[in-house]
Structure formats: structure tokens, C-alpha cells
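Structure record follows, encoded as C-alpha cells.
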Amino acid sequence: MDIQFLILLTLFTKSNCDLVLKQVLILSRHNVRTPLAKNLELMTPKIWPVWKEKRGYLTAKGALLEGFMGAYFSKWLQKEGLLTDQCPTEQELYVYANSAQRTVASAQAFVDDGFPGCNVTVHSQTNSDPIFNPIVHNKTAAYKQEALDQMQKKLRLLSLKSCYDQIEKILDYEQSKLCLEQGKCDLNTDKNQPYVAAGAKPNLTGPLKISKSAIDSFIMENYEGFHSNEVAWGMLPNEQKWYSIIDLSRGYHNVIFNTTVIAKDVAKPLVKYMSEMLLKDDPPKVLFLMGHDANIYTVLNLMGFKPYYLEKQYEVTPAGGKIVFQKWWDKKIKQYFLKVNYVYQSTDGMRKGYRLSLEYPPEFTLLELNGCTINNEGYCPWQDFKKLLTKFISA
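Quick note on numbering: the sequence shown equals residues -17 to -1, 1 to 378 in mature numbering (1 follows the signal peptide of the UniProt record, and there is no 0).
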């Protein structure tokens, strides 16, 4: 680090009162949805909770929570002077969602509560959107083998015996159809099989996928506010019990989306789009993108973010959570800076349906990029970030 850069950061640290927010890009995960797995009834003899909405759809509770986020961000953006209390134009706020029902509906809830009566357009495609679709693009045999090798390596590094033991007890797995009819009776010893093919999402079959699917349902049940005796049939009564199984879900997503070669391929269209929008001469003041956990996992990996920890949350990429890229102008030293936060609601706040406001904000966790050194307040020079974005576009 050279002397000039140290002086710049020192000057900037002393001039936070002179900061003006100039641009924001928000990459969000959809809010609470119904479980995705089609085979939950095969995993346990127990009866799963009944949902009102279709499989994989945003729930009414999810829309409520996303509306709270929209209302909070609207007030925050007004407080920082980026937006006014008038209905925003598309040059001020541009909203773009993936084509799935849960993403479009989440984005709609965000703008309806954040900007009531403004009829903000949620842009989306009718069919599968290549910007958001987390599929493999590389068709070569060499790439496929490298991706599979990296996934297998991550699988070998997992140590999940106690987690598998716990999930088997919760599911009463030995009495499940998977065990009794298919002979898959031991999550610790049954085989995980990774899958990579051009035009498809990276996938994994076996005990890790089974466990992840069950835990996904538990997490959504908890957010939705099902009675505590219905969430995992009352067998996750406290944080200790949740943490006894949560590494199964984290391990699955780490294998599927967090290998470098997969993230670089899968996230490239979205990161290129984000980079181009951030570097435009006349971009929207606020760009709001609504996608999935796969988008957040792979974007964070491709862009080179350092590991992070979210307080008061079991998920690494929580439902309704948002990566918020902020471009700030320091009037005193005439420099642009970047700050990135993960903004999300706590698990307890989501379950209880806490309304958000400037007085009662969501959780903020600072994120740090490799190649963009932050100061004590979490800001890094925009010029360094710009170099990274230029690299992402040309890659």
C-alpha cells in the first residue's frame, strides 16, 4: 500500500460528514416462499405442514416482509438524498426481477409498500431469464471435469456426521420411504453424486441434497410463523438445535455454487450486467435486482468478496436479504468511494413479522472485496472497484 493511498484514506476518514450518496445497486434474494422439494414425503413418515400457496411461490408472509424492506429502503434512500418523497422515474429507480413467480412477486411487494400509489414497473422476462438463470454455460469436457473435481474436493472436506445423525432423528429417517422402499437408510454412508452439464444448474444427489431440502422447509416454516410444534415437528426448539443441522444446508450450497470454476461461469451474465450498469455514464440512481440465493452465492464468489458472518441469522443468504452496493462522493476531497453491506432481517424478526423503519432498521453487515481495501468506516476507493468491474466485463 503506497503513501498516497494511506493519505487518501486518512483524509476520507476525517470527512464522513461530507459524504453524499450518488448511486445504489441492490441485489436481493426473494422473500419467504413455500418449499421447493417435490419429494419431502419420501424423507419422513411424519406429516409436513400444509401451505396455502403453490410449491416455490412467494407466501403472503413473504410479501409482507418484503414490503417492510421496501418501506425501509424508500425512507433510507430519501434520508440520504438519493430519492425524494415523490414517485420515482425509471431514471431514479429501475426494478428488474427474474421471471419466477417468487422473484416477480417479491419485487412487486418491495415497490408497492416502498412507493405506494406510484405504479413502479417491475421489469421481467416472460420466459427463463439468461441474466439470472444460474446454469452452466461452458460446454467443454475439460470444464465439466474441472467443475466435478472441485465439487468432489469440497465434498471430501465436509465433516457432517453429527449433523446427519441429528437430521435422521428429526425425520425419523429409518421409517421413511427412501429407506424402506429404496434402501437409502444411512445419510452418513450413502453417496453424494455431483452433476454438471451445460444448460442446467449444477446439482447434487444423495444425502446432502435430502438434508438440504428438509432444512429448507424447516427454515421457511419458521419464517412463515408456523406453530413451534409444527416447525420440524417441534424438534428445533432453540439455537443450539438449529446449529446442530444447519451446516448440512451450508455445505450443500457451498458444494453447488461456491466452487470458483462454477461461480465464474454461472454468475458471469449477471455480474457483467451489474458491472455495465454501475459504470454507465447516466445510470439509474437506484437499480434493484431481485433474484435467488444462487445468484448471491455465485456473484459474491466471482466478484471476490471475503468470507462474512451474519448475526442473528441461520442462513448465509437469507430470504429477503440484499447486497447493497453504494457509490459515495466525498465533497471535501473530491473522490468517489464504494461501500457494500449485506442488509437483511434477523431470523426472529422475520418469524415475528417485525415492521422495519429508520428507528428500527434491518441488520447491516459490512462486506469487503479483495482488491478494494477499506478504511475504518468500510469504504474503499471507487477507482479500485472500477478496475474490478472493467475486468468482469472483459472476462
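Just so you know, even glycine gets a beta-carbon here, dropped at the ideal spot from N, CA and C.
Computed from a predicted model, the values in this text were never measured in an experiment.
Looking at the DSSP output, residue 326 bridges to 305, 347. Here residue 12 is bridged, per DSSP, to 274.
In terms of CA proximity to residue 375, 254 leads the group 231, 254, 81, 332. A distance below 8 Å separates the beta carbons of residue 89 and residue 45. In the three-state reduction of the DSSP assignment, residue 41 falls in the strand class. Taking all protein chains in view, the Cβ of residue 344 is surrounded by fewer than 16 other Cβ atoms within 10 Å, so the residue is classified as exposed. Here the segment 64 to 80 lies against the segment 106 to 121, with 3 or more beta-carbon pairs under 8 Å apart. Remark: C-beta atoms of residue 276 and residue 85 do not approach each other more closely than 8 Å. For residue 78, the enclosing beta strand (DSSP E) stretches over residues 76 to 80. Here the C-alpha atom of residue 321 lies approximately 6 Å from the C-alpha atom of residue 311.
Per the DSSP secondary-structure output, residue 226 pairs with nothing in a beta bridge.
By the criterion of a C-beta distance shorter than 6 Å, residue 32 is surrounded in its chain by 204, 209, 213, once the five residues flanking it on both sides are discounted.
For residue 3, the CB contacts under 6 Å within the same chain, skipping 5 residues up- and downstream, are 312 in chain order. Restricting attention to 17, 157, 42, 284, the CA atom closest to the CA of residue 251 is found in 284. Comparing alpha carbon positions, the residue from 165, 240, 242, 192 closest to residue 229 is 192. Partner residues in a beta bridge of residue 59, as assigned by DSSP, do not exist. In this structure, the straight-line span from the alpha carbon of residue 363 to that of residue 111 is close to 35 Å. Burial is judged here by how many other beta carbons sit within 10 angstroms of a residue's own beta carbon; residue 222 has fewer than 16 and is exposed.
Note on residue 347: under 16 other CB atoms within 10 angstroms of its CB, so exposed under the neighbour-count rule. The way I'd put it, the segment 325 to 337 doesn't touch the segment 21 to 29; fewer than three beta-carbon pairs between them come closer than 8 Å. Remark: C-beta atoms of residue 225 and residue 231 do not approach each other more closely than 8 Å.
When Cβ pairs closer than 8 Å are counted between the two stretches, the segment 115 to 122 is seen not to touch the segment 131 to 149, the count staying below three.
Here residue 320 is bridged, per DSSP, to 311, 364. DSSP places residue 297 in the coil class of the three-state scheme, outside both helix and strand. The beta carbon of residue 354 is closer than 7 Å to those of 287, 367, 371 in its chain, skipping five residues each way along the sequence. Comparing alpha carbon positions, the residue from 315, 316, 303 closest to residue 56 is 303.
Between residue 187 and residue 239, the CB-CB gap stays under 8 Å. In chain order, 265, 267, 268 place their CB closer than 8 Å to the CB of residue 74, counting only its own chain and leaving out the 5 sequence neighbours on each side. Contact between residue 234 and residue 163 does not hold, since their C-beta atoms are separated by about 26 Å, which reaches or exceeds 8 Å.
Each of 15, 179, 300, 257 was checked against the Cα of residue 6, and the nearest Cα belongs to 257. By the beta-carbon neighbour count (other beta carbons within 10 angstroms, threshold 16), residue 30 is exposed.
Residue pairing by DSSP places residue 352 opposite 288 in a beta bridge.
Taking the CA atoms as reference points, residue 361 sits about 50 Å from residue 157.
Short of 6 Å from the beta carbon of residue 127, and not among the five residues preceding or following it, lie these beta carbons of its own chain, in chain order: 179.
Under a 10 Å Cβ-count criterion, residue 38 is classified as exposed, with fewer than 16 other Cβ atoms of the shown protein chains found around its own Cβ. Look at residue 337 here: in three-state DSSP terms it is coil, with no helix or strand label.
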